[in-house]
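Student: Numbering (the numbering used here), first residue to last: 30 to 142. First the structure, which I've put down as structure tokens, then a few questions once you've had a look.
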Amino acid sequence: MKIKPKRILEILEEKGLHVPKKQQLSSYLISLRKKYYGASTISLDELEAWCQRNSLIPDDDDKPWVLKYQIEYDDEINEDDDNKNKFQFFVTTRRLLFNASISYKIHVDATYK
């Protein structure tokens, strides 16, 4: 159930309970989310470990796995580089690869920042 902070404040007020400031409620919800779901960001080391763990081809045709990944740390020497951390990873499924093999066109999506 996803309720926005504004609605939570309205419900508290309707029930005659103490209504905290919106910023206090937002801070509490952020800390609660971190407690139950962990941090919302990961390090490159954690990403690399995740890619390694998910690189085995599963038996299930629809289970995603990492086909290929590349992680470059800023301290690695690369002549055509701007000396920043970089990562690339390709996630697919067995079914997607099969469909691509029998198709004439495929759609690829990527994000660059």
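The beta carbon of each residue, even a glycine, is placed where N, CA and C say it ideally should be. Keep in mind it's a predicted model, so treat the numbers as computed, not measured.
#1: For Ser84, which residues in the same chain have their Cβ closer than 7 angstroms to its Cβ, ignoring the five residues on either side in sequence?
#2: Going by the beta-carbon positions, is the gap between Asp91 and Arg123 smaller than 9 angstroms?
#3: Could you give the first and the last residue of the continuous alpha helix (DSSP H) run that contains Tyr65?
#4: What span of residues does the alpha helix (DSSP H) with Asp126 cover, start to end?
Tutor: A quick look at the data gives this:
#1: Answer for Ser84: Trp94 and Val95, listed in chain order.
#2: For the pair Asp91 and Arg123, the CB atoms are nearer than the 9 angstroms cut-off.
#3: That run of the alpha helix (DSSP H) goes Lys51 to Tyr66.
#4: According to the sequence displayed, residue 126 carries Leu and not Asp. Counting along the chain, the unbroken alpha helix (DSSP H) around Leu126 starts and ends at Arg123 to Ser130.
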